[in-house]
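Residue numbers (the numbering used here), protein chains in the order written: chain A, 5 to 279; chain B, 29 to 481; chain C, 3 to 283.
Structure, rendered in structure tokens:
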């Protein structure tokens, strides 16, 4: 039953339509960064033939804060990712290898944690951080990100370790290796793709986070999303500058989607689809 | 198998915790929050009298670092221009943190209630005066002002400008940028139609109607309609211009009066002659609509006036004039006054240096540079300065608006933000047809009363 | 036992605040109050919440948003998965492009769409007008359009995720039933309806519950686009809690609202887990 010619045409047309829908806003964002001032909101819209200029980039980079925003985003993402992996990977391994039903079902506890609406966690966390005088520090933001990241890492790595054959570890244990050695020397190297996938998820989550950063950062620890808000002016529409700041904000997303998508897809679907 | 791991896992836990602490430590001592009752908030008493600093010869505050939170209003350009000069003169370093209106209010409140002292200086909207005073968020400046009264030239500051931060006799912010609510109109459009700029609200509506030509995508008036502070504040402008008020004579919140309902209906009527998107307009978009030449009139803050002559952002260069804001027929003319003060965080450890900046910035000499770089005036000497008048020929209108200015039409009471939040939702709901005018004000009143309970 | 560092961390960092939140929800606790006193109110915060039209409206809006996004995304996601199922180099490349939206910061997505929707200068109303469809106050300005417009933003961002999940589901289907159906002379439509769809049921459930949970978290795009307007047409519960707690700093009331949200979400989450458990068997 080979598809007929009309069907293939319809198929290609639908694909084109889908790509158009999903790529249009991104294309618009990318080109707006190169439109200065009123060009950005010219009517009728200018798609390709306009005055390409780097003025927006110059303006944004002339602002001494931009590197700071980027640096802060890197610090927070790196911190949260590191801690989440350090805490989450061993925990995921422990759950995967445990025979106790209690520990096995504790993975659902982490799943529940993942589902908590961020605002419900933020309100009390803000109060606790306030009482500890930690508001505005990297530590506060990294800690809260780590809660959600680590819960994901556990869930994800548990599924992953369950797929890693146990025989080699058991053989190592028989040969006198300690369980810790079995974990670090055998299970970990086998699960590098899973760890990469988890790490990508953590990076994206922390990099994209806006609500937590909004409440927990100080002027010195602001991350990129807050930098985007700062690029708005009260007196003029400033889509050009907004677009430039946004491009900084979406670089990790682009890299991951286009070059590391194998891992990323795994991260997104595995945690969800596997029981 | 499990039991044998106990020792190793203990080692691992300790190692991990140690690593965690080590990594958190540089930022702050970060002991994990144990299940202890939350500590008492630190007692916050604003320092009563400024410490007598020994009069050091020069640059007594060199090396002090201040953080200034500024609204991303036009005057932020003046801050950017002037701060390096101040830094050079005094050796005080100022970091400027620019925030949008909503974010600024939220971030500042968070800074005050958290006692985090992230900001030493902040621009304070006129309407926050009462709230800041009641909660003692900012430092009362009266002692500073008394001490330095000889150099401050307080008499030169327009009387109405003191409403930028004064509350019940004390000054919780110092006047920074005074705005008059004025009518901007298109000279060319009015000339073509053979009209004079409207003097009364009734004429405003009539002309808006006459000048609206939807088929040419041209509208009579640009208004603020976006949910939130924007629509609430614009509505209150019209409440004032119709001689009504949000408060009754005793100062109680009385939003749902028949008079206010009438004003709201008038406001809704005006929106028929505004661009269709106006119910979504925030300040930036209203300004853009006017500057791109699609509307004939716009009531707005005087600070934006200079921008209409800037060809980089404006399509109406040379076509705009301003007039006094029209008031309802038969009403004693009073003009909406607004703008920003500059305050010092009550928790700041650098109050003296911060005051130094305020003093410097508002001094008559620096005020000229401030105005020339998109700032807004507070001093009579600035408004009457011949050179500035030549450059900004609309200054006489400003001076008159300031002299008959009313800084209290938006009630500067401590409850202001609650009123604005309620009106910001319900007036917008009326404009888009979710509620009737009566329902809208009814609900706003109920919401405010519930919040104040 | 490798589990304990994480458990300790979670208990201290996450569980303690949640209990604290439960505790203060029984108090009147306003940070803007100079003395920041806590007055015991009992259940008053909860009772007021259900009497407050803003809260009940926000709950209704949340449910509409969740239902709207989940239904559209699953329908569209399945369609896309079928469309892009072929394993050619071209579809693989296109698929990786489709991953971009879900990796973007929701705030950026909201801001971009806000400018596309802008009624004066936006691309979408402009072309709709050319087609003779006048949006009046614009997609985000009209009462009846604002919610669908916001839902569309979420659909744009998350449909590719559903597609990816369905692609995984499709790939795991066995070949035999199709062979048998072909022998029996079934049309492709019949084999889709009677074989593919029933066999995809577990994938459906996973996609449904995953997106439901995620949809409940929506905040950034509302913040970036409508601020809950026009009127209160797009004020979801998250956004309302943010306003109460983080703009007006009424912590007791905000905590009570947050707990109501938690209860709704927890009920759904447990349902999710039960489904996962049954699938495992």
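Each residue gets a CB set at the ideal place from its N, CA and C atoms; glycine is no exception.
None of these values were measured; they are calculated from a predicted model.
Sub-9 Å separation of residue i and residue j beta-carbons
i, j, result
"residue 50/C", "residue 234/C", "no"
"residue 228/A", "residue 252/A", "yes"
"residue 248/C", "residue 138/B", "yes"
"residue 151/B", "residue 223/B", "no"
"residue 85/A", "residue 167/A", "no"
"residue 155/C", "residue 102/C", "no"
"residue 123/A", "residue 226/C", "no"
"residue 140/C", "residue 305/B", "yes"
"residue 57/A", "residue 145/A", "no"
"residue 346/B", "residue 202/B", "no"
"residue 342/B", "residue 155/B", "no"
"residue 125/A", "residue 106/A", "no"
"residue 100/B", "residue 236/A", "yes"
"residue 458/B", "residue 292/B", "yes"
"residue 262/C", "residue 239/C", "yes"
Three-state secondary structure (DSSP) of residue i
i, result
"residue 149/A", "helix"
"residue 164/B", "coil"
"residue 389/B", "helix"
"residue 76/B", "Confidence is the limiting factor: at residue 76/B the pLDDT is only 44, short of 50, which leaves the residue's position unreliable, though a coordinate-based value still follows. In the structure shown, residue 76/B sits in coil (DSSP, three-state: anything other than H, G, I, E or B)."
"residue 220/C", "coil"
"residue 124/B", "strand"
"residue 326/B", "strand"
"residue 478/B", "helix"
"residue 352/B", "strand"
"residue 213/B", "strand"
"residue 31/C", "strand"
"residue 252/C", "strand"
"residue 224/A", "coil"
"residue 274/B", "coil"
C-alpha distance - residue i paired with residue j, whole-angstrom precision
i, j, result
"residue 357/B", "residue 228/B", "6 Å"
"residue 61/A", "residue 229/C", "28 Å"
"residue 169/A", "residue 101/A", "11 Å"
"residue 14/C", "residue 44/A", "48 Å"
"residue 19/C", "residue 151/A", "12 Å"
"residue 362/B", "residue 461/B", "31 Å"
"residue 96/B", "residue 54/C", "38 Å"
"residue 32/A", "residue 29/C", "48 Å"
"residue 90/B", "residue 383/B", "14 Å"
"residue 81/A", "residue 206/A", "7 Å"
"residue 265/C", "residue 131/B", "30 Å"
"residue 191/B", "residue 77/A", "40 Å"
"residue 267/B", "residue 437/B", "8 Å"
"residue 388/B", "residue 395/B", "9 Å"
"residue 123/B", "residue 162/C", "42 Å"
"residue 53/A", "residue 30/A", "17 Å"
"residue 310/B", "residue 85/C", "42 Å"
"residue 287/C", "residue 204/C", "In the structure displayed, chain C extends from 3 to 283; residue 287/C sits before or after that span and is not available."
Residues sharing a beta bridge with residue i, DSSP
i, result
"residue 194/B", "199/B"
"residue 96/B", "124/B and 149/B"
"residue 288/B", "None, per the DSSP bridge assignment."
"residue 365/B", "208/B"
Checklist entry - Got a sec: which bits of the segment 94-114 of chain C sit with their beta carbon under 7 Å from any beta carbon on chain A, in order along the chain? => result 96, 98, 99, 100, 101, 102, 103, 105, 106, 107, 108, 109, 110, 113 and 114
- prompt: Listed in chain order, which residues of the segment 123-148 of chain B have Cβ atoms closer than 9 Å to some Cβ of chain C?
  reply: 130, 133, 134, 137, 138, 140, 141 and 142
Report task. Please name the residues in the segment 290-324 of chain B whose beta-carbon is closer than 9 Å to at least one beta-carbon of chain A, in chain order. Result -> 310, 311, 312, 313, 315, 316, 319 and 320
Identify each residue in the segment 218-240 of chain C for which the Cβ-Cβ distance to at least one residue of chain A is less than 7 Å, and report them in chain order.
-> 218, 219, 221, 222 and 240
| message | At a CB distance below 7 Å, what residues from the segment 242-271 of chain A approach chain C? Give them in sequence order. | response | 243, 246, 250, 253, 254, 257, 258, 260, 261, 262, 265, 268 and 269
Under 8 Å (Cβ pairs) to chain B, residues found in the segment 150-172 of chain C: none
Item to complete: Give the residues from the segment 85-100 of chain B that approach chain A closer than 8 Å (Cβ to any Cβ), ordered along the chain.
Response: 95, 97, 99 and 100
Report task. Name, going along the chain, the residues of the segment 68-100 of chain A whose beta-carbon falls closer than 7 Å to a beta-carbon of chain C. Result -> 91, 92, 94, 95, 97, 98 and 99
Against chain A: residues of the segment 149-165 of chain B by CB proximity under 9 Å: none
Exercise for review: Select from the segment 328-351 of chain B all residues with a C-beta closer than 7 Å to any C-beta belonging to chain A, and list them in chain order.
Suggested key: 332, 335, 340 and 341
For the segment 261-279 of chain B, enumerate the residues whose C-beta is nearer than 8 Å to any C-beta of chain A, in chain order. none
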